[in-house]
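Structure first, then comments.
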Amino acid sequence: NAGVTQTPKFQVLKTGQSMTLQCAQDMNHNSMYWYRQDPGMGLRLIYYSASEGTTDKGEVPNGYNVSRLNKREFSLRLESAAPSQTSVYFCASREDYNTGELFFGEGSRLTVL
Amino acid sequence: GNSVTQMEGPVTLSEEAFLTINCTYTATGYPSLFWYVQYPGEGLQLLLKATKADDKGSNKGFEATYRKETTSFHLEKGSVQVSDSAVYFCALTGTSYDKVIFGPGTSLSVIP
């Protein structure tokens, strides 16, 4: 099983450019999440989707938008990238919004110059 | 609010040493508790979990017991290996809220 797949794995952007991180899961999970991980900051939740058709802000949503395209896919968009968005981004999913473990993708390393 | 506190490290141990990573939590209701592990360059993966008080989760020689009276879920391993070098995250979730709350992570290095 592929589990949670993220693309791209690496990306370099210039300040002001836009890009979309893609995430897909093949486990028929209802809930999906986007986190960022920075040195010394642990994991911080950006946005999540408790079920298809819903999205909610997490701890650090500013500068990001999300789309729950269907049950499988949850994308994260940076409209105008800033150096502060240099980070490793992780997508995760779980069966339901309030129970069970998270399954993570391998991460996407983004550098904004 | 709900939160997870864990020792941040870094922790450096010699191979075959005993490992304890402390984790305590604050939560409403009856949360489920998790330990996730992140190996270098990879995403997080579930190491073990416990869903109710006094449950013991175990996997790959690691153990943790859900202690409601002390609101703790300490991770232990009797004899660590170099391959256990990773970052370990304590986390909780519960039926009354829709997120997973993570601790800050503890970096472990095991030297031969």
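Chains as they are written, first to last, in this note's numbering: chain A, 303 to 415; chain B, -7 to 104. C-beta: ideal position from N, C-alpha, C; glycine also.
Beta-bridge partners of residue i, as assigned by DSSP
i       : result
Y22(B)  : In the DSSP output, where bridge partners are listed per residue, Y22(B) has none listed.
A326(A) : T307(A), E375(A)
L56(B)  : Correcting the residue identity first, residue 56(B) is Ala in this sequence and not Leu. Per DSSP, G49(B), L67(B).
L315(A) : V414(A)
K41(B)  : F26(B)
W16(B)  : Per the sequence presented here, residue 16(B) reads as Thr, with Trp not at that position. Answer is T(-3)(B), S64(B).
Residue i in three-state terms, based on DSSP
i       : result
V3(B)   : strand
V74(B)  : helix
A394(A) : strand
S320(A) : coil
Y31(B)  : coil
F10(B)  : coil
K91(B)  : strand
L404(A) : coil
Check: residue i C-beta below 7 Å from any heavy atom of the ligand FAD
i      : result
T20(B) : Absence of the ligand FAD is noted for the structure shown, with no ligands found whatsoever.
Nearest-angstrom beta carbon gap, residue j and residue i [assumed within contact, 8 Å]
i        : j        : result
S(-7)(B) : G86(B)   : Just to set this straight, residue -7(B) is Gly in the shown sequence, not Ser. In fact, because the Cβ distance is near 12 Å, the residues do not count as touching under 8 Å.
E408(A)  : K311(A)  : 7 Å
S12(B)   : I103(B)  : Sequence inspection shows Thr at residue 12(B); the Ser mentioned does not correspond to that position. Not a contact, Cβ separation roughly 18 Å.
E361(A)  : R346(A)  : 5 Å
F65(B)   : C15(B)   : 5 Å
Q308(A)  : M321(A)  : Contact doesn't hold; Cβ gap of about 13 Å is too wide.
S377(A)  : V390(A)  : About 17 Å; that fails the 8 Å criterion.
T28(B)   : V(-4)(B) : Looking at the sequence shown, residue 28(B) is not Thr but Tyr. Not a contact, Cβ separation roughly 11 Å.
S99(B)   : V79(B)   : 5 Å
E403(A)  : L38(B)   : 5 Å
Legend entry - Complete runs of the alpha helix (DSSP H) confined to the stretch 328 to 389 of chain A [at least 4 residues]: none
Inset, instruction - Could you say if the stretch 351 to 364 of chain A and the stretch 324 to 338 of chain A meet the contact criterion of at least three C-beta pairs nearer than 8 Å? - result: yes
Legend entry - Three or more C-beta pairs below 8 Å linking the stretch 38 to 46 of chain B and the stretch 55 to 68 of chain B: yes
Inset, instruction - Decide yes or no for the touch test of the stretch 66 to 78 of chain B against the stretch 306 to 323 of chain A: beta carbon pairs closer than 8 Å, at least 3 of them. - result: no
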